[in-house]
Amino acid sequence: DARVTQTPRHKVTEMGQEVTMRCQPILGHNTVFWYRQTMMQGLELLAYFRNRAPLDDSGMPKDRFSAEMPDATLATLKIQPSEPRDSAVYFCASGSNSYYEQYFGPGTRLTVT
Amino acid sequence: SQKIEQNSEALNIQEGKTATLTCNYTNYSPAYLQWYRQDPGRGPVFLLLIRENEKEKRKERLKVTFDTTLKQSLFHITASQPADSATYLCAPNQGGKLIFGQGTELSVKP
Chain X
1461 DARVTQTPRH KVTEMGQEVT MRCQPILGHN TVFWYRQTMM QGLELLAYFR NRAPLDDSGM
1521 PKDRFSAEMP DATLATLKIQ PSEPRDSAVY FCASGSNSYY EQYFGPGTRL TVT
Chain P
128 SQKIEQNSEA LNIQEGKTAT LTCNYTNYSP AYLQWYRQDP GRGPVFLLLI RENEKEKRKE
188 RLKVTFDTTL KQSLFHITAS QPADSATYLC APNQGGKLIF GQGTELSVKP
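If you're matching them up, the sequences are chains X and P in order.
In terms of this note's numbering, the first sequence opens at residue 1461 and continues consecutively.
In terms of this note's numbering, the second sequence opens at residue 128 and continues consecutively.
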């Protein structure tokens, strides 16, 4: 059945390194969301795209985070340089419309030491 | 500022009973609200969506209410089962995006 896939599932890196997370949305979905989840802050929206165009990235630290959709089957989230406070689980979700239900991937657990 | 509050403490109930989870929001008026379930180590899974002009929505053992005057949604699981144990997230919309609450952890004991 159709699922959102994310790679890698786990990433451990040292402070200052670049981190790239990838997401393959469900085929046919035109809306893609990036979230970050921590115990303290819960699930926070970082950015979202519709038809590959960024609509809102107000939740993302602009100086170090960037999100793109090079094509309809791939969304990327990059952190450069990474910091220990970026340690969290990053989820990608897709939907057929930003107003309808979202389908979440399994997440990337990032640890920055 | 906009705020979403869910039962802050974990909810423990006996199998077969009805679980009721609360979601309160302040300082905005969502046109719809969604509920998700999240199991440890997994992404949230969509359960139900209710619109502002709907008072109640049902799906099998699940029921959601939406009171725009009280700014509150209630989520009910009837005839609860141990398999219902999970964290439940409330997510009112803001424009084209969802704002998620911190979630309520539900534990159903056999």
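For every residue, glycine included, the Cβ atom is placed at its ideal position computed from N, Cα and C.
- Excluding residues up to 5 positions away in sequence, Pro219 and Asn220 lie with their Cβ nearer than 6 Å to the Cβ of proline 157 of chain P in the same chain.
- Bounds of the beta strand (DSSP E) holding alanine 1513 of chain X are 1513 to 1516.
- Among the CB atoms of chain P, one or more fall inside 8 Å of the CB of proline 1566 of chain X.
- Membership of methionine 1529 of chain X in the beta strand (DSSP E) is indicated by the continuous run 1525 to 1531.
- With a threshold of 16 other beta carbon atoms within 10 Å, methionine 1520 of chain X meets it and is buried.
- Contact check for lysine 236 of chain P and asparagine 154 of chain P: beta-carbon distance about 37 Å, past the 8 Å limit, so the pair fails to qualify.
- Within the segment 202 to 232 of chain P, the residues whose Cβ lies closer than 9 Å to some Cβ of chain X are Leu216, Ala218, Asn220, Gly222, Gly223, Lys224, Leu225, Ile226, Phe227, Gly228, Gln229 and Gly230, listed in chain order.
- Within the same chain, and ignoring the five residues on either side of threonine 214 of chain P in sequence, the residues whose Cβ sits closer than 6 Å to its Cβ are Gln165, Gly230 and Glu232.
- Between arginine 185 of chain P and chain X, the shortest Cβ-Cβ separation is not below 8 Å.
- In chain order, Pro1566 make up the part of chain X whose C-beta sits under 7 Å from the C-beta of arginine 169 of chain P.
- Taking a contact as a CB-CB distance under 8 Å, the pair glutamate 179 of chain P and phenylalanine 202 of chain P does not count as one, their CB atoms being some 16 Å apart.
- Taking C-alpha positions only, asparagine 1490 of chain X is separated from leucine 1537 of chain X by approximately 17 Å.
- Counting of Cβ neighbours within 10 angstroms places methionine 1481 of chain X among the buried residues, the total reaching 16 or more.
- Glutamine 165 of chain P: member of the beta strand (DSSP E) spanning 159 to 165, first to last residue.
- Under the Cβ criterion of 8 Å, tyrosine 1550 of chain X is not counted among the residues facing chain P.
- Rounded to whole angstroms, the gap between the alpha carbons of lysine 1522 of chain X and threonine 145 of chain P is 45 Å.
- The beta carbon of threonine 1533 of chain X sits closer than 8 Å to those of Gln1484, Pro1485 and Leu1487, all from its chain and outside the five residues before and after it, given in chain order.
- By the Cβ neighbour-count rule, proline 171 of chain P is buried, with 16 or more other Cβ atoms within 10 Å of its own.
- Taking 8 Å as the cut-off, the beta carbon of cysteine 217 of chain P is found closer than this to the beta carbon of glutamine 133 of chain P.
- Taking a 10 Å sphere around the C-beta of alanine 1513 of chain X, we find fewer than 16 other C-beta atoms and assign the residue as exposed.
- Remark: C-beta atoms of tyrosine 1508 of chain X and phenylalanine 1551 of chain X do not approach each other more closely than 8 Å.
- Aspartate 1546 of chain X sits buried, since 16 or more C-beta atoms from the chains shown fall within 10 Å of its C-beta.
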